[in-house]
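Have a look at the structure below, then the notes.
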Amino acid sequence: RTLGAEHPDTLKSRNHLATALRMRGKLAEEEVERRAVLALMERVLGTEHPDTLDCCHSFAVGLGTQGKKAEAKAEFRAILALWERVLGAEHPDTLAFRDSYAALLMLLGSNAEAEAEHRVILALRERVLGADHPDTISSRSSLAFMLSVQGKGAEEAAERRAVIALEERVLGAEHSKTLRSRDNLATLLLRQGKRAEEEVERRAVLGIRERVLGAEHPDTLGSRYGLAVSLRDLGRRKEALVEAEAAYDG
Numbered sequence: 002r003t004l005g006a007e008h009p010d011t012l013k014s015r016n017h018l019a020t021a022l023r024m025r026g027k028l029a030e031e032e033v034e035r036r037a038v039l040a041l042m043e044r045v046l047g048t049e050h051p052d053t054l055d056c057c058h059s060f061a062v063g064l065g066t067q068g069k070k071a072e073a074k075a076e077f078r079a080i081l082a083l084w085e086r087v088l089g090a091e092h093p094d095t096l097a098f099r100d101s102y103a104a105l106l107m108l109l110g111s112n113a114e115a116e117a118e119h120r121v122i123l124a125l126r127e128r129v130l131g132a133d134h135p136d137t138i139s140s141r142s143s144l145a146f147m148l149s150v151q152g153k154g155a156e157e158a159a160e161r162r163a164v165i166a167l168e169e170r171v172l173g174a175e176h177s178k179t180l181r182s183r184d185n186l187a188t189l190l191l192r193q194g195k196r197a198e199e200e201v202e203r204r205a206v207l208g209i210r211e212r213v214l215g216a217e218h219p220d221t222l223g224s225r226y227g228l229a230v231s232l233r234d235l236g237r238r239k240e241a242l243v244e245a246e247a248a249y250d251g
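Just so you know, we're using our numbering here: the sequence shown kicks off at 2 and counts up by one.
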């Protein structure tokens with residue numbers, strides 16, 4: 002009432018209201034509100050304004066949350082075209098938006114499309130930022146996860162080992178991200194039935210966490226429990242029991 006229905010601050014408030022509706026599970030109401038706000042923003046601010054693009058993004062996510070697969074994909078592709086025209090295909094914000102699109106594709110069960118999107122993002126970030134940049138490494142991790150979802154174990158293993166090598170060089174062998182990546186590799190080795198390799202990996206991670214974090218740190222105890230499970234699956238029950246008891250006692 003004070004600023005008017007078309008004032009930018011009013012439109013932002015309505016956009017926030019739509020987000021609140023989604024968080025409360027009122028998806029149909031969110032869609033109605035978001036459509037209204039988006040129409041106003043496009044007329045008042047223009048289709049390429051950052052606030053309009055943000056509203057478009059939220060609208061597309063809302064469609065995906067409702068399971069409106071075709072509409073959500075079409076909206077995301079339209080927004081991506083705008084981002085590329087306004088900012089350029091290699092701009093960090095454009096690539097961040099593509100990350101969001103890839104996540105939506107996975108949510109919608111379009112796993113092959115999500116993998117293809119992650120590969121494009123990775124290639125762009127490697128060219129623009131370099132292979133050692135944290136965002137590039139994160140993209141490679143996302144690709145590895147997408148390969149995991151599809152059961153592509155051999156390709157996933159190659160990407161996970163590449164991520165570990167990069168993180169060891171850039172962050173260091175004792176960094177928490179590096180150790181989480183090694184945990185992920187151990188989990189993959191478990192799925193592949195490579196129990197001996199899994200044990201080696203879990204012992205290595207446990208040794209580093211004990212030295213860096215201490216024996217009673219939650220991450221160390223988690224590693225010890227993971228080793229106990231690995232030993233149990235190898236049929237070495239006495240050793241498994243020792244590690245399990247040490248984990249619980251911690």
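Beta carbons are placed, not taken as given, at the ideal position from N, Cα and C, and that holds for glycine.
Pairing Arg212 with Asn112, the inter-Cα distance amounts to about 39 Å.
In the structure shown, Ala115 adopts helical secondary structure according to DSSP, grouped into three states. Within 10 angstroms of the beta-carbon of Tyr249 lie fewer than 16 other beta-carbons, which makes it exposed.
Relative to the Cα of Glu114, the nearest Cα in the group Ala124, Leu123, Ile122, Ala103 belongs to Ala103.
In the assembly as shown, Ser14 is an exposed residue. Its beta-carbon has fewer than 16 other beta-carbons within 10 Å. By the Cβ criterion, the segment 185-202 is in contact with the segment 153-167, since at least three pairs of Cβ atoms, one from each stretch, lie closer than 8 Å. Proximity of the segment 56-63 to the segment 72-84 meets the contact definition, three or more beta-carbon pairs being nearer than 8 Å. Between Val38 and Leu12 the beta-carbon gap is near 6 Å, inside 8 Å, which marks them as a contact.
Counting C-beta atoms within 10 angstroms of its own C-beta, Met24 has fewer than 16 neighbours from the protein chains shown and is therefore classed as exposed. Exclusion of the five residues before and after Thr179 leaves Ile165, Glu168, Glu169, Leu172, Gly173 as the residues of its chain whose Cβ lies within less than 8 Å of its Cβ. By the neighbour-count definition (other C-beta atoms within 10 Å, threshold 16), Val206 is a buried residue.
The count of Cβ pairs closer than 8 Å, one atom from the segment 124-140 and one from the segment 86-100, reaches three, so the stretches are in contact. In the assembly as shown, Arg86 is an exposed residue. Its beta-carbon has fewer than 16 other beta-carbons within 10 Å.
Inside the segment 39-85, DSSP marks whole alpha helix (DSSP H) runs of 4 or more residues at positions 51-66, from first to last along the chain. Spatial neighbours of Leu214 in its own chain (CB-CB distance under 7 Å, excluding positions within 5 residues in sequence) are listed in chain order as Asp220, Thr221. One thing to note: Ile80 has its Cβ no nearer than 8 Å to the Cβ of Asp100.
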